[in-house]
Structure formats: structure tokens, C-alpha cells
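Colleague: Below is one structure. I have some questions about it.
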Amino acid sequence: MKSRLLVIEDDPATLQLMKQVFDSADMEVILEADGSSAERIVATQHPNAAIIDITLPGRSGLEILKAIKGVDSGIAVIMTSGHSSTQYAIEAMKSGAYDYLTKPLDIPRLRQVVAKALECNLLSRKVLYAKAVETEKIDDGSTDIMIGSSPEMIEIWKMVGKVAPTDATVLIQGESGTGKELLARAIYNNSRRMNRPFMAVNCAAIPENLLESELFGHEKGAFTDAHSRRIGKFEQCNGATLFLDEIGEMSLANQGKLLRVLESQSFERVGGNETIKVDVRIIAATNKSLVNAVKDKSFRSDLFYRLRVVSFFLPPLRDRIEDMPHLVNYFARRFALKYGKKNGGIATEALEMMLSQKWEGNIRELKNVIDSATVMSKGELLMPEDIAPFVSTQEPAQRQLSGATADNGNYYAIFRNLLEPVFDRICQTDKGTVFDNINSGLEKALVEMAMQKGNNNQVFASKLLGISRNTLRDRLERFNISGE
Ligand SMILES: Nc1ncnc2c1ncn2[C@@H]1O[C@H](COP(=O)(O)OP(=O)(O)OP(=O)(O)O)[C@@H](O)[C@H]1O
Ligand SMILES: [Mg+2]
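The working numbering puts the first residue of the sequence shown at 95, with every later residue one more than the last.
See the structure below:
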């Protein structure tokens with residue numbers, strides 16, 4: 095049977111392109127320039143999948159998505175948007191979209207997504223259905239909003255849309271200053287518990303025995319200073335969300351108690367016998383590698399596996415440099431407002447200067463640089479001379495690749511250390527092709543460097559690498575490396 099694909103898109107050129115790409119013996123394409131007849135088409139022609147632009151004249155794509163999901167909850171809908179606003183990706187996935195792609199559209203990727211969406215529709219796997227949608231938060235400079243439209247961040251927004259409305263425990267990993275706490279708040283803001291409190295406990299900031307009573311409370315007389323009963327965070331947070339920051343620093347004893355809460359939602363206060371039942375959603379964060387902590391036995395493996403069921407990895411800023419201009423502009427506007435510069439922002443030359451530097455810091459460092467530069471600058475706009483003193487002296491962010499030095503030919507250790515912090519993310523983006531992609535990336539880098547070292551002399555490069563000239567030629571061709 096022929097599948098049907100509905101495309102709703104106001105740009106005529108994109109509509110025609112979609113027809114060219116998808117119209118075939120196996121697929122019928124229905125083109126619509128706006129969403130006015132969307133429900134009727136879904137009800138009468140039963141398309142299996144749809145591609146819908148978010149910004150349309152009249153009804154927005156998100157409204158159409160919700161309306162047609164009401165008619166046929168099994169239709170697989172791919173939302174597209176030229177906007178970098180992160181909330182769209184979250185809303186789209188929360189409203190039951192199958193996927194979310196940003197424009198300009200990458201056609202091979204779109205083909206893949208459509209093929210998978212059809213498969214999913216044919217298996218009639220029901221996607222998460224619409225929830226109440228809040229209007230997009232306005233950037234008035236007073237609330238922290240989370241910026242990011244790089245492919246890595248889009249994957250994260252999509253996952254937020256999927257997991258936030260569930261009560262699943264979430265683990266967030268990432269280097270210091272990558273936005274773990276902000277992400278935790280984004281999950282909370284999009285959850286069913288957003289009208290109840292969000293409480294944060296920094297496990298590294300509180301000594302072990304105090305942390306136990308901070309989290310679980312204590313009875314009067316439980317220890318010398320326990321003059322009265324104290325209610326801990328778990329009880330205060332009943333029905334709400336608890337953010338456990340720096341969870342990697344928690345003692346083994348407290349980890350055991352936490353595991354019990356996760357498994358049975360119950361615990362006892364310190365010095366108490368009464369078993370207390372609570373309903374708390376946990377979001378945990380760490381900038382430490384928990385895999386390593388499990389290996390050196392400072393973190394319980396059962397707790398780690400329990401926590402990492404839904405886990406996010408926030409990539410360092412150096413791995414999503416596309417987000418830099420957007421972040422710099424955002425912070426420049428925000429701090430200008432804060433310091434009373436109504437028309438403030440950053441001059442193009444100054445922005446270019448920031449982008450031309452190798453940025454080692456994370457978002458916190460970037461934010462601090464723009465903050466200081468705005469305070470020091472005389473005019474409304476940030477100029478290159480305002481930025482210059484900060485960019486050359488910025489401190490490198492904590493690197494997690496300290497083991498990655500080429501010592502003693504221990505390549506296993508080098509690659510393990512390199513891959514560990516990014517492995518979860520690679521698995522998200524390259525599922526099913528991880529082995530091939532990493533191996534060919536490595537081969538390409540080796541061949542390229544060997545050729546450079548030998549001034550493009552193939553005999554030299556093949557001897558250096560210990561491969562035959564035929565193999566070398568094959569790789570030069572395959573990876574499109576110039577052998578001249
Ligand atoms: N994507 C983003 N868009 C805008 N601001 C961001 C973003 N990510 C982080 N920030 C800002 O950068 C600062 C650091 O973020 P956050 O505290 O969430 O990082 P973290 O990963 O928890 O760091 P640490 O491990 O040191 O606790 C905060 O001021 C936050 O508002
Ligand atoms: Mg933090």
C-alpha cells in the first residue's frame with residue numbers, strides 16, 4: 095500500500111522541493127500552504143506522517159500538530175523550524191511530535207527521519223500526547239533562559255520534551271559551567287510538578303553527617319545538637335522536585351539511603367524508627383565521571399544504574415561553537431539592560447573578535463566575561479577594545495581529558511579518557527553506527543596527519559603508518575584527502 099505524507103509549509107519553494115524528494119511509487123505527497131484544512135485531511139485521507147513548519151501565517155504549526163493529533167494520535171509528525179528558540183523543540187516533543195528538525199533542511203537526514211517515522215506509524219506506536227502548553231517565555235532579561243540551537247542542544251531539547259512530563263529520575267552530566275542546573279530547571283519548568291517547589295541541595299557543600307539530616311531530617315536527641323525534630327528536604331519536597339547537585343560527592347552511606355528512596359519512596363529520619371513515605375522527583379547532576387567513581391568504588395554501581403536510566407550529557411561549549419554568537423548576543427543584551435544601557439549589545443567587530451578566539455571556557459566563563467566587559471565599557475555597545483582584555487586572559491575550563499597524553503603507547507587509556515565524557519552523546523546521535531563512525535574518523539585523522547608530516551609523500555606516509563600503498567590510496571580516496 096502507498097504511504098501518504100502531508101506537508102504543511104508556507105514557502106512555495108520548500109513545498110515543491112518536498113514533492114520532488116518524496117513523491118514516488120511508494121509515497122503520495124499532499125501539499126498544503128497553510129493549516130486551515132489539516133484536521134479534515136487527516137480525518138479523510140489518513141496520512142501516515144506529516145512534515146509541518148512551525149511558523150505559518152494563521153495557525154501556528156504547534157497548534158496544527160495538537161489539532162491533528164486529536165484526530166489521529168498515531169500520525170507521525172515531523173516539525174520543522176527556522177527559529178533557534180529552544181522552547182519550540184521542547185513544546186513540539188511534548189505535544190507528541192515524532193521529531194524536530196531545524197532549517198535549512200538537511201535532505202538526506204529528512205529522508206531518514208521520514209522513513210523511520212513511517213515505520214513507527216505502521217507499527218502504530220503511539221507517541222506521547224499533547225499536554226497543556228505554556229506560551230513561550232519572553233526574554234525581558236529578568237529570567238534565566240537557556241540558549242542553544244546547535245544539533246547537540248536540539249537533541250537535548252527534544253529529550254527534555256519527552257522526559258520532563260514524566261516523573262522519571264534524571265541524571266545530568268557535564269563539565270562545570272555547562273548549564274546543568276539551568277537544564278534541571280528547564281526539566282522542572284516543563285514538568286507536571288512545576289506548580290510545586292523546586293529545591294536544590296549541593297551535596298559537595300555540606301559535610302556528610304549534616305547532609306544526611308539535611309536530606310532525611312532527624313528526631314530530637316538523635317545526636318548531641320539535635321535539640322528538636324527536624325524535617326528534611328525529602329519531606330519538604332513531597333509532591334515536588336529535588337535537585338541533588340554534585341551527587342558524585344555523596345558519601346556511600348547517604349547513597350544507600352538515597353537508593354532506598356528511589357526504589358521504595360521511603361526512608362527513616364536520623365535517629366527515628368518511623369518509616370516515612372514520600373513522592374519526590376529527583377534530578378541529579380554531576381561534573382565528575384560517575385563511571386570512574388563506580389570503578390574506584392566511591393560511588394555505588396546500583397545507584398549509578400538506577401540514576402542513569404534517563405541521562406543527559408551537556409557538551410562543553412567548545413564542542414558546540416555554533417551556539418557562541420547566540421549566547422554572546424544574549425548575554426550582551428542582558429547585561430546591558432542590567433547596567434542601564436537601554437540600547438546596549440555587542441558591536442559586530444567585537445562579536446567577531448570573540449568568535450575568532452579559541453574558546454576554552456564554558457558558558458559560565460562566557461557570561462562572566464560579558465558581564466565584566468559591560469561594566470567596564472563606556473558606551474552602549476560593547477566594542478573590540480572592551481572585549482580584548484578579557485579574551486586573552488580567560489582561564490581554561492576544567493578539562494576532563496587530563497589522561498589524554500600520548501604516554502607509553504597506552505592508546506587504550508588515551509581513547510577511553512577521550513571518549514568517556516562524550517560517549518553518551520555519541521550514542522544519542524550515532525546510534526547503530528558508533529563503531530563505524532569512530533573508526534573511520536580515527537583512520538581519516540591518522541592518514542591526514544601522516545600525509546602532512548611527509549609533505550604528501552605516499553611512500554613516507556604508508557611506511558610511517560605501517561600500511562600498504564594500496565590501502566593508503568584507498569583511504570585517501572575514501573576520505574577525500576588530497577594526495578598531491
Ligand atoms: N545554554 C545556556 N544559555 C544561557 N545561559 C546559560 C546556559 N548554560 C548555562 N548558562 C549560565 O551559565 C552559568 C552556569 O550554569 P549552571 O550553573 O547551570 O552550570 P553547571 O553545569 O551547574 O555548573 P557547575 O558544575 O559549576 O555547578 C549560569 O549563570 C547559567 O545561567
Ligand atoms: Mg551546578
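For every residue, glycine included, the Cβ atom is placed at its ideal position computed from N, Cα and C.
Specify the secondary structure class of serine 236 as computed by DSSP and reduced to three states.
Modeller: Any reading at serine 236 needs caution, since the residue's pLDDT is 44, under 50, leaving its predicted position unreliable; the model's value is listed next. Of the three classes helix, strand and coil, the one that applies to serine 236 here is coil, per DSSP.
Colleague: Measuring alpha carbon to alpha carbon, tell me which of Val208, Asp417, Ala161 ends up nearest isoleucine 244.
Modeller: Reading the sequence as shown, one finds serine at residue 244 and not isoleucine. Nearest option by C-alpha distance: Asp417.
Colleague: Within 10 Å of its beta-carbon, does methionine 247 have 16 or more other beta-carbons around it, so buried, or fewer, so exposed?
Modeller: With 16 or more Cβ atoms within 10 Å of its Cβ, methionine 247 is classed as buried.
Colleague: Which residue or residues does DSSP assign as beta-bridge partners of glutamine 267?
Modeller: Per DSSP, Thr380, Phe407.
Colleague: Can you determine whether any heavy atom of ligand 1 sits closer than 8 Å to the C-beta of threonine 149, and answer yes or no?
Modeller: Outside the cutoff, so no.
Colleague: So, alanine 144 versus isoleucine 184, is the Cβ gap smaller than 9 Å?
Modeller: Not closer than 9 Å, so no.
Colleague: Can you give me the C-alpha to C-alpha distance between alanine 107 and lysine 113, rounded to a whole angstrom?
Modeller: Each residue's alpha carbon lies about 10 Å from the other.
Colleague: Bridge partners for valine 171 per DSSP, in chain order?
Modeller: According to DSSP, valine 171 bridges with Ala144.
Colleague: Using only Cβ atoms and a threshold of 7 Å, which residues come within that distance of a heavy atom of ligand 2? Order them by chain position.
Modeller: This selection yields Lys274, Glu275, Asp339, Ala379.
Colleague: Can you tell me where the beta strand (DSSP E) holding arginine 98 begins and where it ends?
Modeller: Note, arginine 98: beta strand (DSSP E), 97 to 102.
Colleague: What I want to know is whether the C-beta of asparagine 381 ends up closer than 8 Å to one or more non-hydrogen atoms of ligand 1.
Modeller: Yes, Cβ of asparagine 381 sits closer than 8 Å to a heavy atom of ligand 1.
Colleague: Three or more C-beta pairs closer than 8 Å, one from the segment 389 to 406 and one from the segment 428 to 447: is that the case here?
Modeller: In short, these stretches do not touch, since the Cβ pair count stays below three.
Colleague: What is the C-beta distance between valine 254 and asparagine 284, in whole angstroms, given that I count them as a contact (C-beta under 8 Å)?
Modeller: The Cβ separation is near 6 Å, so the contact holds.
Colleague: According to DSSP, methionine 121 sits in a beta bridge with which residue or residues?
Modeller: Its beta-bridge partners are Ser97.
Colleague: Just mark glycine 152 as buried or exposed, buried being the case when its beta carbon has 16 or more other beta carbons within 10 Å.
Modeller: Burial call: exposed.
Colleague: Rounded to the nearest angstrom, how far is the Cβ of threonine 272 from that of isoleucine 457, given a contact under 8 Å?
Modeller: Yes, they are in contact, since the Cβ atoms of threonine 272 and isoleucine 457 sit about 6 Å apart, within 8 Å.
Colleague: Spatial neighbours of arginine 402 within its chain, please: C-beta separation below 6 Å, excluding the five flanking residues on both sides.
Modeller: Hits under 6 Å: Leu265.
Colleague: By a C-beta neighbour count over all protein chains shown, 10 Å radius and 16 as the cutoff for buried, is histidine 140 buried or exposed?
Modeller: Under this definition histidine 140 is an exposed residue.
Colleague: Given this structure, state the Cα-to-Cα distance separating isoleucine 239 from asparagine 462, to the nearest angstrom.
Modeller: The alpha-carbon atoms of isoleucine 239 and asparagine 462 are separated by roughly 16 Å.
Colleague: How would you label glycine 473, buried or exposed, when you count the other beta carbons within 10 angstroms and need 16 or more for buried?
Modeller: Label assigned to glycine 473: exposed.
Colleague: Closer than 6 Å by C-beta to lysine 382: which residues in its own chain qualify, once you throw out the five before and the five after it? Chain order, please.
Modeller: Excluding positions up to five away in sequence, the list reads Gly342.
Colleague: What residue range is occupied by the uninterrupted alpha helix (DSSP H) comprising valine 463?
Modeller: Run containing valine 463: 457 to 470, per the alpha helix (DSSP H) assignment.
Colleague: Please check the pair proline 410 and glutamate 275, which I expect to be a contact at CB under 8 Å, by giving their CB distance rounded to whole angstroms.
Modeller: Not quite, the Cβ-Cβ distance comes to about 16 Å (not below 8 Å), so this is no contact.
Colleague: Among the candidates Gln206, Leu566, Gly333, Ile135, whose CA atom is the shortest distance from the CA of leucine 540?
Modeller: The option with the nearest alpha carbon to leucine 540 is Leu566.
Colleague: Straight-line CA distance for tyrosine 192 to valine 123?
Modeller: Those two C-alpha atoms are separated by around 18 Å.
Colleague: Cα separation between tyrosine 282 and serine 556?
Modeller: The alpha-carbon atoms of tyrosine 282 and serine 556 are separated by roughly 55 Å.
Colleague: Indicate whether the contact test is met: 3 or more Cβ pairs, each with one atom in the segment 304 to 315 and one in the segment 344 to 351, closer than 8 Å.
Modeller: As far as the Cβ criterion goes, the segment 304 to 315 touches the segment 344 to 351, which means the pair count is three or higher.
Colleague: Going by the CB atoms, is the gap between alanine 294 and phenylalanine 328 shorter than 9 Å?
Modeller: Contact flag unset, no.
Colleague: Output needed for proline 478: all residues of its chain with C-beta closer than 7 Å, excluding positions within five of it in sequence on either side, in chain order.
Modeller: Same-chain partners within the cutoff: Glu443, Ala444, Met447.
Colleague: Along the chain, where does the beta strand (DSSP E) that runs through leucine 195 open and close?
Modeller: Run containing leucine 195: 193 to 196, per the beta strand (DSSP E) assignment.
Colleague: Indicate whether valine 385 and glutamate 514 have their beta-carbon atoms separated by less than 9 Å.
Modeller: The answer is yes: Cβ separation under 9 Å.
Colleague: In whole angstroms, what is the alpha-carbon distance linking glycine 235 and tyrosine 424?
Modeller: Only weak support is given to the placement of glycine 235: the predicted model assigns it a pLDDT of 41, under 50, and the value that follows is read from those uncertain coordinates. Roughly 9 Å separates the two Cα atoms.
Colleague: Might you give, ordered along the chain, the residues of its own chain that have their beta carbon closer than 6 Å to the beta carbon of arginine 427, omitting 5 neighbours on each side?
Modeller: Once the five neighbours on either side are set aside, the close Cβ partners of arginine 427 are Gly439.
Colleague: In whole angstroms, what separates the C-alpha of arginine 510 from that of glutamine 267?
Modeller: Computed Cα separation, rounded: 17 Å.
Colleague: Three Cβ pairs or more, each shorter than 8 Å: is that satisfied between the segment 122 to 136 and the segment 154 to 168?
Modeller: Yes: at least three Cβ pairs fall under 8 Å.
Colleague: State yes or no: is the C-beta of serine 270 nearer than 8 Å to some heavy atom of ligand 1?
Modeller: Yes, Cβ of serine 270 sits closer than 8 Å to a heavy atom of ligand 1.
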